[in-house]
Every structure is written in structure tokens, then in C-alpha cells.
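Q: Protein chains in written order, with my numbering: chain A, 2 to 300; chain B, 363 to 808.
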């Protein structure tokens, strides 16, 4: 139950062997409407994204004339010109690089900070631990809108407004409650004997954390890394608030949206590039993604 | 496994044995917690308190104005719209997403290629709400030539509705009355044997049929009604209501006759010279008219991105994103249901619907509520998809709380006081959900 293909122990589709061929055919035919329905729905679900892809591969004058479905009748109209133009567009390219920096920083930093705290919540003893943990969970639901205005002023005062660092720090803080919650619950499940053995050997807590907890906690850390990466990569509101010059890709495209129709040859390919990376991450690490989703659909 | 089960504040079994611990232990714990404490304190706790205080101050932040900002939130039109829209979101989206997720989860259990289906539906979860917004903005383009949705509607409509031959016209004499919307009918009723004349003017010259022929008044027909529809316009003058040389017939016009006593009517199409004929007409009086279908307008596209439809349009896009999430979480819950329970119900003669309604759904209730509540929390903070789909001109009509908060604070108005008040309002709406969640975690612990 960690991937999309969670196997049902005995799915109703499995036909008991004692049934005859005729009955099996009847059972199959009975499902034909269902199959057709699901095929149609599945295709409908893909249409918007395919539309974006095909639009990005059309010359703007072709798109102004007719929608992306013309590629089915005239596949020769497909062209990579828009992509070439985007790759030569400095604003978009530097925005893409900024996004990479923010997403990588915004993934690593919260994981480091959260795993330290999660270890403390799981295996160290200190007064008020459970209350503190409950408090962290409570912070899960604080909408980030509550922080925008004061942090806007704070960044201004500190002089770090409009920097990659300022965005990473914000993403780190708002990623922490979920990260601590997820990791703590995973760390608690690590066998106590392993920790005790290390403690008896005289290992320091830091050593235990690095040598025992982190390696064993890797599956949870992987789930978390994927989530955090997708959140920071896909963010719009934080960057829209705190970034002017150091725009990530979402903001760079957003600033072109005023003339949606006229800028479509830039918007469509840039958007498609921006969603390729999350999609690749999703397909490569589907297992961890779904795991994390099931572990904490609460953020 | 539902997410709720894993969210517990339960200490590890033996860890609570020595409450407090040694002093050095506390220092170690402090060291491990300090970085997180700094981040949470500076970026979440402090701003939360600051925003609450700020919401009682005016725009510049100098003057304490009590609840004025909150009052403004409920009295300013744009903000009222945002509250109303967000209420629609809250009422519609969690239920819709949960229902669709449930249906997909149950149905995909019965097919062999569920992975492919689930991947297709789940994929939008990975991409940004902003990219999804751009994607749907394309779908919703108004011109049927470009917007996929309107193109689909146009194609479907073409099957049922024929486009009219003329878009605009008016009656050339008082003998005719009506409009393009109602059709034009003769004031006087007609009887078999009569010849009727429908003169139209005001036809855009581009729409005058190319194969035009001189209009001709047909011969009367024994036991039938004949007539002509023509363009009663002649460069340089002419007499209205009379078929003259150089005036052309209008082909393809739908003419309708209907007994004045009521009952079914008949229709006929005009020829290239504008003539038409109804044969074998029963004696009696008839009302003759040019049917409005003649003037039916070509499809210009529904303006999904206009002020009226924008919120439903964005909700559809949002559902597209989140249905996959609901489906996957519910499918995991479904896989955990013991099969023998379902089989037992089937053996007892329950129909599939009864099994679904009376066994599956009740057993899934905890998972369904997790999905529902998750969506509730998200919907109260919805922002990216709205700002990316709604064109600037309708953002006031599409506004939701988070968007109103942002636009009030950073979108040119720069009113941090009212912006803070809206943020606090969102927070207040989320708190009851949080309390509900915490209570549930705790009851699950017992």
C-alpha cells in the first residue's frame, strides 16, 4: 500500500476457477461499460496537460488560428522553436536556476533541522515533551498568510528581502511542523535495542543520531524530501510576496500572464518545463510520495 | 492506514519512565531542538502574534482602531465577494473531491489496468497549482477555435443544431412582424391556394447567398401554400413589399405553417430563387412564418473566464488536481477492508450497490473524513489556482480569502491592517478543524 497499485487481497475481478467460460465472458462483458467509462475519464484527465504540451509545440500564429488539436490533422506543424526561444530567454533560464536553488535549499535545510528535533521528540527525555510535540502539530495548520506581513517587514529590516536565502528560510520554517511530525512518528518505531546498544557502547547522542537514526530513518526522510521539494518547487505565494528580482520560475511565468494570449509561445513551453521536473520526481519516487501522503494528509 | 492513526503524541513505551531526565540530557535535548525552535519561533509563532496585533491597527500601523479592519472586511464589496466565494468553495469542494475519489477508488478495484488510470488521475497532484492554472486557462479560452472546452461544446452542438443561413434581418413591410429571435410571421393568416411573400431587409451583404438568383413569385397551388422569401432590397430604391428585378431570392430559409386553430406545423426550405411550396394542405387558416432557426447564431463560446462562471470554472480545475489525492488515500483504505466482510454481504444476497452503501462506505468513514477535512483546510487557503486562472479583470469576482488577503496587502493597496484581519479570519476558521483533529487523535489513542 505504498504505491498507486495497492494490491487488493482478493479483488472482485478475480474470477473463481469453477466458473465456466460462458460465465466468464458474461462477467467480462458486464464490465465493458465500466471499462469504457474509466478509459474516457482517464483520457479526459490527461487532456488539459496534453493541450498545454501541444500548444507549447505550436508556432504562435498557428495557435492564434486554431487550437492545439490541429496537431492531429497536421503533425508537421509541431516545432521546437518555442522551446529554443525559451532556452535563450535569460529571464526564464535564470528563474529556473533560482527555482533549483530554492527547492534544493528548501528541501535539505528543513530535513536537517526537523530530523534533529524529531529525534529529540522520539528518544530524548525532557520535561513537557509531549505538550511541545502537540504544539508543533498545532502549528501545522497555521496558514502561511499569518506570516506574510510580519516577515515582509522583518526581511526588509534585516536587508535580506528578495534573496534566495530569505525564501529558503521561509519554506524551511513552514515545512518544519509536518517534517517533525512525520519523522518523529517514524523514529519512534526504530527498535529501542539498537539505540540502547549504541548508548552502552558509549556513543554520544549526536553519534547515535548520525549512525543509527538517520540510516534507519531513510525511507521517511525520502518521502519528506520529495514532498518538501515539490512544495518549494511549486510555490507561488511565498515567492510572489518576497521575490522581485530573484524570481523563481512560477513568478517569472506569472508576470507574463497579463497578456496570456499574446505571450502564449513563452508561457506554454516555460510552464511545461517547470512541470517536467516535479513530474519526473513524482514518477521516479512514486512509492515514497504515496507513503508520505498516506502518513500525513493533514498539512 | 489512515493518516489519523499515525498522528499521535504517544511517547515511546519506556521513554516516559524517567520524566525529566538528567540535567545533561536536557541540555542535549535542547541542542537538538534549538534550530527547530528558532525557525518555528521566528517564522511562525512571532508572526502569528504580530499579525493578530497588527489587525487592530490602521493601514499605516500607527493608530489602534479596534475592530475597524474586521468591519471593513465584512462591508467592502470585494471582500464580501471573497467571503461568499470561499463559502461556495467550502460547501462544494471537499464533498465533491471526496465523492469523486471514492467513486474512482471503488471502480478501479474492478479493472485490470487500475495503475494506468490512477497514474493519469494522480499526476496533476505533482505539478504546481500554478502550472495547473495555466493549463486550465488554455482549456477555458473563449474562442471555440482555441479553447478546448468550447471547441468540444461547439462540436457537440453541431450535431444537434444547424447554423442559421442569415444572422440578421428585419421585415421589409408591415405585413410581416417579429424579430430574428422569434422568427418573422405574416400578420394575416393564409389559406391553401394563396401565395405568400416574405420580404426581408437589413441582411448583412456578406451573408447574401453567393448563388443568388432573381427572386420569383411562384404560381398558386391548388390545395397548397406557395410563396417566396427574398431580399427586398434593390440598390437605388424599389418598392418595399414587392418582388422586383435585381432582387434576389434567399435559399435555405426555413418557412413554417401552423393551423391558427392549433396543432402541428409543417416546415419547408426555400429554393435558390427563394420559392417554397407546401403541398396537400388541409383547408383552413394558417399562420405562416420564417422560423427563428433561420437566424440561429453560430456558437461564439461560453466565457468560462467571465465574471459569472469563473468560480465554478476554477473549482473544476481544482477538483481535477485533488481527485487523485482523494482516490489514492481512499483506495488505500479500501485495500484494508477485510474482503470476507464484503463477501459475506454478497453471499447474503446484497446487490453491489447495497454492499457499497451499507458496508464499504461505513467502513471507510474514517478515511473519508480524513480526506474531507484535509480538503477543508486546503480550500480555506486556496490561492495559486485562483490567481493563475482568473484573468486580472475578473479577479475581484473570483476572489477568495487568501487571494483577498494577498491583494489587500501586496497587490497595490498595501493595507497591512485589513490584510492582517483577513489572515486572522482564515486562521480562526481553521482552528475549529484543528481542535476536531486533535480530539480525534486523542480518542484514537485510547
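Even for Gly, the Cβ is constructed at its ideal location relative to N, Cα and C. Every value quoted in this text rests on a predicted model; they were computed, and no experiment measured them.
What residue range does the alpha helix (DSSP H) around residue 618 of chain B cover?
A: By one-based count along the second chain, residue 618 of chain B stands at place 256. No alpha helix (DSSP H) holds residue 618 of chain B; the beta strand (DSSP E) holding it covers 616 to 621.
Q: Looking at residue 756 of chain B and residue 677 of chain B, is the spacing between their C-beta atoms short of 7 Å?
A: For the purposes of this step, residue 677 of chain B is identified with residue 315 of the second chain, where counting begins at 1. For the purposes of this step, residue 756 of chain B is identified with residue 394 of the second chain, where counting begins at 1. For residue 677 of chain B and residue 756 of chain B, no; Cβs fall outside 7 Å.
Q: Applying a beta-carbon distance threshold of less than 8 Å, which residues of chain B neighbour residue 66 of chain A?
A: Position 65 of the first chain, counted from the first residue, corresponds to residue 66 of chain A. In chain order: 507.
Q: By alpha-carbon positions, which one of B/648, B/612, B/594 ends up nearest to residue 620 of chain B?
A: Taking the first residue of the second chain as 1, we reach residue 620 of chain B at position 258. Of B/648, B/612, B/594, the residue nearest in Cα terms is B/648.
Q: What residues in its chain sit with their C-beta under 6 Å from that of residue 505 of chain B, if we drop five residues either side in the sequence?
A: On the second chain, position 143 is the one that residue 505 of chain B refers to. Answer for residue 505 of chain B: 663, listed in chain order.
Q: Checking contacts by CB at 7 Å: is residue 278 of chain A closer than that to chain B?
A: Counted from its first residue, the first chain places residue 278 of chain A at position 277. So, not an interface residue.
Q: Could you give the uninterrupted runs of the alpha helix (DSSP H) lying entirely in the stretch 123 to 203 of chain A, keeping only those of 4 residues or more?
A: 130 to 140, 146 to 159, 165 to 189, 193 to 201
Q: Are there 16 or more other CB atoms within 10 angstroms of the CB of residue 776 of chain B, so buried, or fewer, so exposed?
A: Position 414 of the second chain, counted from the first residue, corresponds to residue 776 of chain B. Classification for residue 776 of chain B: exposed.
Q: What are the partner residues of residue 587 of chain B, as DSSP defines its beta bridges?
A: Position 225 of the second chain, counting from 1, holds the residue named residue 587 of chain B. DSSP lists B/640 as partners of residue 587 of chain B.
Q: Counting only beta-carbon atoms, is residue 117 of chain A nearer than 7 Å to chain B?
A: As a working mapping, residue 117 of chain A is identified with position 116 in the first chain. Among the CB atoms of chain B, one or more fall inside 7 Å of the CB of residue 117 of chain A.
Q: Taking buried to mean at least 16 other C-beta atoms within 10 Å of its own C-beta, is residue 594 of chain B buried or exposed?
A: In the second chain, residue 594 of chain B corresponds to position 232, counting from 1. With 16 or more Cβ atoms within 10 Å of its Cβ, residue 594 of chain B is classed as buried.
Q: Identify the contact partners of residue 36 of chain A in chain B, using a Cβ-Cβ distance below 8 Å as the criterion.
A: To locate residue 36 of chain A, count along the first chain from 1; it is residue 35. Correct list: 473.
Q: Taking only beta-carbon atoms, is residue 406 of chain B less than 7 Å away from chain A?
A: On the second chain, residue 406 of chain B is found 44 positions in, with the first residue counted as 1. Cβ-Cβ to chain A under 7 Å: yes for residue 406 of chain B.
Q: Please work out which residues of its chain come closer than 6 Å, Cβ to Cβ, to residue 275 of chain A, disregarding the five sequence neighbours upstream and downstream, and give them in chain order.
A: Walking along the first chain from the start, residue 275 of chain A turns up at place 274. Annotation for residue 275 of chain A: 250 place their beta carbon closer than 6 Å to its own, counting only its chain and skipping 5 residues before and after.
Q: Assuming residue 532 of chain B contacts residue 563 of chain B (C-beta within less than 8 Å), just tell me the rounded distance between them.
A: Here residue 532 of chain B is taken as the residue at index 170 of the second chain, counted from 1. Here residue 563 of chain B is taken as the residue at index 201 of the second chain, counted from 1. Confirmed, about 6 Å.
Q: Tell me which residue opens and which closes the beta strand (DSSP E) that residue 547 of chain B is part of.
A: Start at 1 with the first residue of the second chain, and residue 547 of chain B comes out as number 185. Residues 545 to 548.
Q: Which residue from A/97, A/75, A/72 puts its Cα closest to that of residue 254 of chain A?
A: The sequence position of residue 254 of chain A within the first chain is 253, counting from 1. That would be A/97, whose Cα lies nearest to the Cα of residue 254 of chain A.
Q: Going by beta carbon distance, what residues of the same chain come within less than 7 Å of residue 173 of chain A, once the five residues before and after it are set aside?
A: Start at 1 with the first residue of the first chain, and residue 173 of chain A comes out as number 172. Same-chain partners within the cutoff: 107, 110, 111, 114.
Q: Quick check: residue 119 of chain A and residue 181 of chain A, are their CB atoms within less than 7 Å of each other?
A: Within the first chain, the letter at position 118 stands for residue 119 of chain A. Within the first chain, the letter at position 180 stands for residue 181 of chain A. Their beta carbons are under 7 Å apart, which means residue 119 of chain A touches residue 181 of chain A by this criterion.
Q: Can you give me the C-alpha to C-alpha distance between residue 129 of chain A and residue 89 of chain A, rounded to a whole angstrom?
A: The residue you call residue 129 of chain A lines up with position 128 of the first chain. The residue you call residue 89 of chain A lines up with position 88 of the first chain. Between residue 129 of chain A and residue 89 of chain A, the C-alpha separation is close to 56 Å.
Q: Restricting to runs no shorter than 3 residues, where is the beta strand (DSSP E) found entirely within the stretch 777 to 808 of chain B?
A: none
Q: From this set, A/94, A/141, A/223, which residue's C-alpha is nearest residue 402 of chain B's C-alpha?
A: Residue numbering aside, residue 402 of chain B sits at position 40 when the second chain is read from its first letter. The shortest Cα separation from residue 402 of chain B among A/94, A/141, A/223 belongs to A/141.
Q: Does DSSP put residue 577 of chain B in a helix, in a strand, or in coil?
A: Looking up residue 577 of chain B in the second chain gives position 215. Residue 577 of chain B: coil per DSSP, three-state reduction.
Q: So, is the C-beta of residue 767 of chain B closer than 7 Å to a C-beta in chain A?
A: Position 405 of the second chain holds residue 767 of chain B. Yes - at least one Cβ of chain A is within 7 Å of the one on residue 767 of chain B.
Q: In chain B, which residues lie less than 7 Å from residue 108 of chain A when you measure between Cβ atoms?
A: Numbered from its first residue, the first chain carries residue 108 of chain A at position 107. Under the 7 Å cutoff, chain B gives no residues; its nearest Cβ is about 15 Å from residue 108 of chain A.
Q: Determine the direct distance from the alpha carbon of residue 138 of chain A to that of residue 46 of chain A, and round the result to whole angstroms.
A: To locate residue 46 of chain A, count along the first chain from 1; it is residue 45. To locate residue 138 of chain A, count along the first chain from 1; it is residue 137. If I take the Cα positions, the gap works out to 34 Å.
Q: Going by C-alpha distance, which of A/293, A/240, A/266, A/286 is nearest residue 100 of chain A?
A: For the purposes of this step, residue 100 of chain A is taken as residue 99 along the first chain, with counting starting at 1. It is A/240 whose Cα lies nearest to the Cα of residue 100 of chain A.
Q: Under the DSSP definition of a beta bridge, which residues are partnered with residue 455 of chain B?
A: Here residue 455 of chain B refers to the residue found at position 93 when the second chain is read from its first residue. Paired residues: none, contrary to the question.
Q: Exposed or buried, residue 643 of chain B, counting other C-beta atoms within 10 Å across all chains shown (16 or more means buried)?
A: Numbered from its first residue, the second chain carries residue 643 of chain B at position 281. Buried, since its Cβ has 16 or more Cβ neighbours within 10 Å.
Q: So what does DSSP say about residue 559 of chain B, is it helix, strand or coil?
A: For the purposes of this step, residue 559 of chain B is identified with residue 197 of the second chain, where counting begins at 1. When secondary structure is reduced to three states using DSSP, residue 559 of chain B falls in the strand class.
Q: Could you please give the first and the last residue of the uninterrupted alpha helix (DSSP H) stretch that includes residue 26 of chain A?
A: Reading the first chain from its first residue, position 25 is the one you call residue 26 of chain A. Residue 26 of chain A -> alpha helix (DSSP H) spans 22 to 31.
Q: Considering only their Cβ atoms, is the gap separating residue 394 of chain B from residue 44 of chain A smaller than 7 Å?
A: Reading the first chain from its first residue, position 43 is the one you call residue 44 of chain A. Reading the second chain from its first residue, position 32 is the one you call residue 394 of chain B. Going by C-beta atoms, residue 44 of chain A is not nearer than 7 Å to residue 394 of chain B.
Q: Consider the Cβ of residue 500 of chain B: report whether some Cβ of chain D lies at a distance smaller than 7 Å.
A: Annotation note: the requested chain D is absent from the structure, which comprises protein chains A and B.
Q: Contact defined as beta carbons within less than 8 Å: I believe residue 490 of chain B pairs with residue 279 of chain A. What is the distance between those atoms, to the nearest angstrom?
A: Taking the first residue of the second chain as position 1, residue 490 of chain B is located at position 128. Taking the first residue of the first chain as position 1, residue 279 of chain A is located at position 278. About 7 Å; that satisfies the 8 Å criterion.
Q: Distance, Cα to Cα, residue 69 of chain A vs residue 433 of chain B?
A: Here the question's residue 69 of chain A lines up with position 68 in the first chain. Here the question's residue 433 of chain B lines up with position 71 in the second chain. Rounded to whole angstroms, residue 69 of chain A and residue 433 of chain B show a C-alpha spacing of 48 Å.
Q: Report yes or no: is there a C-beta of chain A within less than 7 Å of the C-beta of residue 401 of chain B?
A: Position 39 of the second chain holds residue 401 of chain B. So, interface residue.
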